[in-house]
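Numbering (the numbering used here), first residue to last: 260 to 776.
Where is the CB? At the ideal position from N, CA and C, for every residue including glycine.
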């Protein structure tokens, strides 16, 4: 059941919300139990069999957590058993066939792959429970109510694609008496945030897919991609993923807000980042937090010298890439970002920057160039993330570099001839003039232009929904303050228009990209 579907918006969610506040009038535990049951129904709507999986995972991890609190001896062994069970669970469902295929490839073996269906959300609820066990072992947990724990793991707004929530920020909210009473400010803000997220998904992410998917599909099936095709497809996917993940995050936060639950910020204008370090502080923030606290720091972090620091960083990013999917493309994508982060840290820690001081580049220009270089680096890496095969990624990369050839429209022939001898120009490998209407149609040009304005010229959702809504500091920018959310006719008109425009096109339902992870 998708957030961007009629059955969710008009049936499941309204019934769940009404039932929650109605039952809370009788007893606050009834509301939590109802929400837990609704979350299981939401999860099982995809495949009822996997309700057993998530319930089993919840019960086993809760028991292990209880043992970590109750037992004074063998606590480390209990923790190791708990983490191992979680890794075996995700390892079987997500990586079993990946390991079998690679074993066969390396050894020439003939092991048969299994027909395994990946349970949605397993990467998210497994990481949440590993964090809970580690924190329990370190005596950092303060609540062990079974019902609250069940809802902490299964809470449907964040169950399928995050954010990866932490027990300290969620379980106390489920016990708070104030969350049991309907709050019309939260309800209004939640509806508004949800509507903005729905608009991003329907009218931006899904439309950008029309320009990215055909090219990547062709590359994966052996077709060489030309220069402009490759750049249009790569930028289209870069924007598609941005609006898809941003839209999902907004919708999840908006839904939770209507239950008076505050989910953590998970997306904060990552393409405005001026370096890769800043990018990973604003993209999938809760995943970065998990990888830092439960992998990078336990490996030693930056406490054992620069060389060890970069090794730890690379290991973290490689495993972070593998977390996204059982594919070498994801591993390479993680490794590429590990290399980017290493270069960024070396740049900061050495005197390389001083070499550019004599150029006296204006601060604004330097900042703009930093953002552009960071964005292009991220977009370059997304090719590995999107391509379904390594060969497909290589074909797109060749296209980006012009190795597969450059096609120009035939109407540019006259202008080209005025600068160069046409005979010489046609002798250049891969340069051809072709007859075609457009590389990209008018709708595409408008779509790209509007996306650029939204991403780099406007405040994001967290800045729009000011401190009372999002836990963010108020901005001193007049533009951001003008966009700031308030209960007004202007906002009522905008939210209504966004919702109605999105509902009109709900018939073209598509999954969120992070559902696959």
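{"Item": "Meets three-Cβ-pair contact criterion under 8 angstroms: the region 565 to 585 and the region 593 to 601", "Value": "yes"}
{"Item": "Buried/exposed call for residue 422, threshold 16 Cβ in 10 Å", "Value": "buried"}
{"Item": "Paired residues, beta bridge with residue 542 - DSSP", "Value": "526"}
{"Item": "The region 264 to 276 touching the region 371 to 391, judged by at least three CB pairs closer than 8 angstroms", "Value": "no"}
{"Item": "Residue 558 versus residue 349: straight-line alpha-carbon distance, rounded", "Value": "21 angstroms"}
{"Item": "Counted within 10 angstroms of its Cβ, other Cβ atoms place residue 789 as buried (16 or more) or exposed", "Value": "Residue 789 lies beyond the stretch modelled for the chain, which goes from 260 to 776, so this question has no answer here."}
{"Item": "Cα-Cα separation, residue 768 to residue 263", "Value": "7 angstroms"}
{"Item": "Cα-Cα separation, residue 535 to residue 546", "Value": "15 angstroms"}
{"Item": "Cut-off 6 angstroms between Cβ atoms - residues of its own chain near residue 515, not counting five sequence neighbours on either side", "Value": "416, 522"}
{"Item": "Delimiting residues of the alpha helix (DSSP H) encompassing residue 507", "Value": "486 to 517"}
{"Item": "Cβ pair count under 8 angstroms reaching 3, the region 472 to 481 against the region 638 to 653", "Value": "yes"}
{"Item": "Supposed contact pair residue 419 and residue 766 - C-beta distance, whole angstroms, cut 8 angstroms", "Value": "That pair is no contact at about 21 angstroms."}
{"Item": "Euclidean distance between Cα positions of residue 592 and residue 750", "Value": "40 angstroms"}
{"Item": "CB contact flag (residue 553, residue 393, <8 angstroms)", "Value": "yes"}
{"Item": "Backbone secondary structure at residue 665 - three-state DSSP", "Value": "strand"}
{"Item": "Continuous alpha helix (DSSP H) stretch holding residue 722: start and end", "Value": "720 to 723"}
{"Item": "Residue interval of the alpha helix (DSSP H) (run including residue 560)", "Value": "No alpha helix (DSSP H) holds residue 560; DSSP gives it neither H nor E."}
{"Item": "Residue 754 beta carbon less than 8 angstroms from that of residue 451", "Value": "yes"}
{"Item": "Length of the line joining the Cα atoms of residue 509 and residue 542", "Value": "14 angstroms"}
{"Item": "Other residues of its chain near residue 791: CB distance less than 6 angstroms, five sequence neighbours each side excluded", "Value": "One cannot answer for residue 791 here, as it falls past the ends of the chain, which runs 260 to 776."}
{"Item": "7 angstroms CB neighbourhood of residue 282 in its chain, flanking five on each side removed", "Value": "289, 290, 293"}
{"Item": "Cβ-based neighbour list, residue 320, same chain, cut-off 6 angstroms, excluding 5 preceding and 5 following", "Value": "388"}
{"Item": "For residue 665 and residue 486, believed in contact at Cβ under 8 angstroms, the rounded distance", "Value": "4 angstroms"}
{"Item": "Buried/exposed call for residue 409, threshold 16 Cβ in 10 Å", "Value": "buried"}
{"Item": "Host alpha helix (DSSP H) of residue 583 (start-end)", "Value": "565 to 583"}
{"Item": "C-alpha gap between residue 338 and residue 465, whole angstroms", "Value": "43 angstroms"}
{"Item": "Residues near residue 344 by beta carbon distance below 7 angstroms, same chain, minus five either side", "Value": "319"}
{"Item": "Contact under 8 angstroms by Cβ, residue 659 with residue 493", "Value": "yes"}
{"Item": "Sequence-distant residues of the same chain with beta carbon closer than 7 angstroms to residue 520, five excluded per side", "Value": "432, 438"}
{"Item": "Classification of residue 317 by the beta-carbon crowding that lies within 10 angstroms, buried from 16 upward", "Value": "buried"}
{"Item": "Sequence-distant residues of the same chain with beta carbon closer than 7 angstroms to residue 656, five excluded per side", "Value": "642"}
{"Item": "Closest by C-alpha distance to residue 391, when choosing among 366, 491, 407", "Value": "407"}
{"Item": "Simplified DSSP assignment, three categories, for residue 381", "Value": "helix"}
{"Item": "Local Cβ density within 10 Å of residue 517, reported as buried at 16 or more and exposed below that", "Value": "buried"}
{"Item": "Per-residue burial, residue 861 [other beta carbons within 10 Å of its own, 16 or more giving buried]", "Value": "Here the chain comprises residues numbered 260 to 776, so residue 861 is not present and cannot be evaluated."}
{"Item": "Delimiting residues of the alpha helix (DSSP H) encompassing residue 430", "Value": "426 to 434"}
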